[in-house]
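Heads up, the working numbering is the position in the sequence shown plus 5, with the first residue counted as 1.
By construction, the Cβ of each residue, glycine as well, lies at the ideal position given by its N, Cα and C atoms.
All values reported here derive from a predicted model rather than from experimental measurement.
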Amino acid sequence: MTDDKTFVIAIDGPAASGKGTLARKLAAHFDYALLDTGALYRAVGLNVARHGGDPEKEADAVAAARALGDMDLSDPAIRGESTGALASKVAAIPAVRDILLAFQRDFAESPPGGKTGAILDGRDIGTVVCPDADVKIYIIADVETRAKRRFLEQYGPNGTEAQYEAILADLVQRDARDMNRSTAPLKPAKNAHLLDTTNSDIEAVFEAALGLISKEQANV
């Protein structure tokens, strides 16, 4: 465990793999504090864009990261598809990651609300943010499946082929950027449990994760 009081679960994976949905269900089940770390980077990227900055320029992204406030994380605009691309760009800047790292680690070590556990989902939780997490889960799914999920979320059954292709292209680009960045690239931790959601619904994935977590809790 990270310390005597907090049980930490790290959930990583690419965009639209289902890690956020799984994290929310697990947090509700165990009554653990939940941090969607991607929201931090989305908020930074969105603030850069709103101030006319360049999300790939270090000075602009660092200024936005330092000015990040609680209200930024509740802004509905951070869930937009275009904001996800901005997040991937600012996340590739080491100085931005350094600024947000302390916030994430503090959350894991001292969860808000007096919770006895913390769940963090993102792209480098098990490898960088919480390398000593009690349970590490890495969610995978093929990019076409992830694109279809995001497509249905954004446009429903009446979306066009062109809209699907645009989402697919964006996810391919984001995967490449996240996996190949020099700092904290997206990859499973050596001791992470891999869960493939390509052909599994959320309930099946949830039950599999529960089994992994319950086993580790029994050993604490």
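(message) Tell me the rounded alpha-carbon separation between Gly-23 and Ile-83.
(response) For the purposes of this step, residue 23 is taken as the residue at position 18 of the sequence shown. For the purposes of this step, residue 83 is taken as the residue at position 78 of the sequence shown. Gly-23 and Ile-83: Cα-Cα distance of roughly 17 Å.
(request) Give, in chain order, every unbroken run of the alpha helix (DSSP H) that is at least 4 residues long and sits entirely within the segment 18-74. (result) Taking 4 residues as the minimum length, the alpha helix (DSSP H) runs contained wholly in the segment 18-74 are 24-35, 42-55 and 63-71, in order along the chain.
(request) Check Val-13 in the structure and name its three-state DSSP category. (result) Start at 1 with the first residue of the sequence shown, and residue 13 comes out as number 8. Strand.
(message) Between which residues of its own chain and Ala-96 is the CB-CB distance below 6 Å, once the five residues before and five after are set aside?
(response) What you label residue 96 is simply residue 91 of the sequence shown in a count that begins at 1. Annotation for Ala-96: Tyr-46 place their beta carbon closer than 6 Å to its own, counting only its chain and skipping 5 residues before and after.
(request) Jot down the residue ranges of each uninterrupted alpha helix (DSSP H) in the segment 110-192, minimum 4 residues, whole runs only, in chain order. (result) The segment 110-192 contains these whole alpha helix (DSSP H) runs: 148-160 and 166-185.
(message) Can you tell me whether Asp-8 is buried or exposed? The criterion is at least 16 other CB atoms within 10 Å of its CB, across all chains shown.
(response) Here the question's residue 8 lines up with position 3 in the sequence shown. Caution applies to Asp-8, whose pLDDT of 45 falls short of 50 and renders its modelled position unreliable; the value that the coordinates give is listed next. The C-beta of Asp-8 has fewer than 16 other C-beta atoms within 10 Å across all chains shown, which makes the residue exposed.
(request) Starting from Gly-85, follow the alpha helix (DSSP H) in both directions and report where the run begins and ends. (result) Your numbering for residue 85 matches position 80 in the sequence shown. Gly-85 -> no alpha helix (DSSP H), and no H or E assigned at all.
(request) Would you mind reading off the limits of the alpha helix (DSSP H) that contains Lys-220? (result) Here residue 220 refers to the residue found at position 215 of the sequence shown. Where Lys-220 is concerned, the enclosing alpha helix (DSSP H) starts and stops at 207-223.
(request) Kindly list the residues whose CB is nearer than 8 Å to the CB of Asp-80, restricted to its own chain and excluding five residues on each side of it in sequence; keep chain order. (result) Residue 80 sits at position 75 when you count from the first residue of the sequence shown. Closer than 8 Å at Cβ, skipping near neighbours: Ala-48 and Leu-51.
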